[in-house]
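K.L.:
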């Protein structure tokens, strides 16, 4: 479907190539990251999500915005969701169009387009403030102005600008004791590169999550696909070893435009928890990312059920490393309500 207004038109994403999409997200947008590129999004098999992404063009046929999205059906209602296949999706806006006069029109016309297309609701998981090159406050306000309901997830992170230069001094006394214990035992952290090592790490991850009747969102083959092909420069794996045995590990995403490292799937073998290997892994990663020149190290969310439940143990642990906070905001609107 194509929708035309006085200022621009909206079309489905198949009207442009994947390379055009990715170039816009990474090089021309105010708030795009690799998580919203096609090279990342398309690691999902086509049958996993029903694609309904949109492209916004101005009258000169230039892309001014994108919206990665999938369609879901709930209670016989058609819902536009941006985006279930990534940590965040949302509206991706051209840098020179990241102004109130343009965002007001873009959001309003998107609501009209989706209403005409038969959608009952829209969800926008917009790029959080710390990952956005030009910030997120304006887009968040425009969503609020148009009547979206907001829910928040809490994300602790290390802000090196507020960190003492001696990394260990930022940790609580208990965490420092755990670090010293691991050092005495001779634990070692290093990057893991081979598919075999990553498969051993994945076993640790699955064993860890099984205690909560959970399984990883990504399969092993998907993680290897990201590392070896799609995100060669944006992701890395690390293992923590004791006597040459991997007992803990994790995955990191790198957001180079904003110089943020983001942790994924940090896990340890349950047989070694008395050693507190995760404390040492966190400490080592904080030091390593600081040495590499990153401005922030994000731990991921510590809330559940759309932010209505806080994992107090998790947030308390992250606070013991000297973390500060940001939020991931998701905006929801019923498309039956009046438009401003």
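Numbering (my numbering), first residue to last: 1320 to 1659.
Ideal Cβ placement from N, Cα and C applies to all residues, glycine included.
Here the structure is a predicted model, which means the values were calculated and not measured.
Below 8 Å on the Cβ atoms is my guess for residue 1411 versus residue 1384; work out the distance and round it to an integer in Å.
P.N.:
One-based indexing of the chain shown puts residue 1411 at position 92. One-based indexing of the chain shown puts residue 1384 at position 65. The Cβ separation is near 6 Å, so the contact holds.
K.L.:
Look up residue 1651 in the DSSP assignment and give the residues it is bridged to.
P.N.:
For this step, residue 1651 is matched to residue 332 along the chain shown. For residue 1651, which the question treats as bridged, DSSP gives the partners 1442, 1468.
K.L.:
Return helix, strand or coil for residue 1553, following the three-state DSSP convention.
P.N.:
Your numbering for residue 1553 matches position 234 in the chain shown. It is coil, neither helix nor strand.
K.L.:
For the region 1441 to 1528, which segments carrying the beta strand (DSSP E) assignment without a break, of at least 3 residues, lie completely within its bounds, in sequence order?
P.N.:
Fully enclosed beta strand (DSSP E) runs of 3 or longer: 1468 to 1478, 1507 to 1511.
K.L.:
Hey, could you find the ends of the alpha helix (DSSP H) residue 1354 is sitting in?
P.N.:
Along the chain shown, one-based indexing puts residue 1354 at 35. No alpha helix (DSSP H) holds residue 1354; DSSP gives it neither H nor E.
K.L.:
Taking the alpha-carbon of residue 1369 as reference, which of 1355, 1378, 1403, 1380 has the nearest alpha-carbon?
P.N.:
Sequence index remark: in the chain shown, residue 1369 carries index 50 (1-based). Taking only the C-alpha atoms, the option nearest residue 1369 is 1403.
K.L.:
Do you know whose CA, among 1336, 1341, 1427, 1422, lies nearest residue 1550's CA?
P.N.:
Sequence index remark: in the chain shown, residue 1550 carries index 231 (1-based). The shortest C-alpha separation from residue 1550 is found at 1341.
K.L.:
When we look at the beta-carbon of residue 1459 and count the other beta-carbons within 10 Å, is it buried (16 or more) or exposed?
P.N.:
Stepping through the chain shown from its first residue, residue 1459 is reached at position 140. With 16 or more Cβ atoms within 10 Å of its Cβ, residue 1459 is classed as buried.
K.L.:
Can you look up residue 1575 in the DSSP assignment and give me helix, strand or coil?
P.N.:
Translated into the one-based positions of the chain shown, residue 1575 becomes position 256. Looking at residue 1575 - three-state DSSP - the assignment turns out to be coil, as it is neither helix nor strand.
K.L.:
So residue 1398 and residue 1442 are supposed to be a Cβ contact under 8 Å. How far apart are they, rounded?
P.N.:
Looking up residue 1398 in the chain shown gives position 79. Looking up residue 1442 in the chain shown gives position 123. Right, the Cβ-Cβ distance comes to about 7 Å (below 8 Å), so this counts as a contact.
K.L.:
The beta strand (DSSP E) spanning residue 1373 covers which residue range?
P.N.:
On the chain shown, position 54 is the one that residue 1373 refers to. Start and end: 1373 to 1377.
K.L.:
Our contact map puts residue 1344 next to residue 1336 with C-beta atoms below 8 Å; I'd like the distance itself, whole angstroms only.
P.N.:
To locate residue 1344, count along the chain shown from 1; it is residue 25. To locate residue 1336, count along the chain shown from 1; it is residue 17. Not quite, the Cβ-Cβ distance comes to about 13 Å (not below 8 Å), so this is no contact.
K.L.:
Using 10 angstroms around the beta-carbon of residue 1432, count the other beta-carbons present and answer buried if the total reaches 16, otherwise exposed.
P.N.:
For the purposes of this step, residue 1432 is taken as residue 113 along the chain shown, with counting starting at 1. Label assigned to residue 1432: buried.
K.L.:
Quick check on the burial criterion: 16 or more other C-beta atoms within 10 angstroms. Buried or exposed for residue 1476?
P.N.:
Stepping through the chain shown from its first residue, residue 1476 is reached at position 157. Result: buried.
K.L.:
Assign residue 1584 to one of three DSSP states: helix, strand, or coil.
P.N.:
On the chain shown, residue 1584 is found 265 positions in, with the first residue counted as 1. Strand.
K.L.:
With distance defined between alpha-carbon atoms, name the residue in 1527, 1418, 1454 nearest to residue 1667.
P.N.:
Beyond the ends of the chain as shown, which are 1320 and 1659, falls residue 1667; an answer cannot be given.
K.L.:
So, with DSSP's three-state summary, where would you put residue 1395?
P.N.:
Position 76 of the chain shown, counted from the start, is the residue given in the question as residue 1395. Residue 1395: coil per DSSP, three-state reduction.
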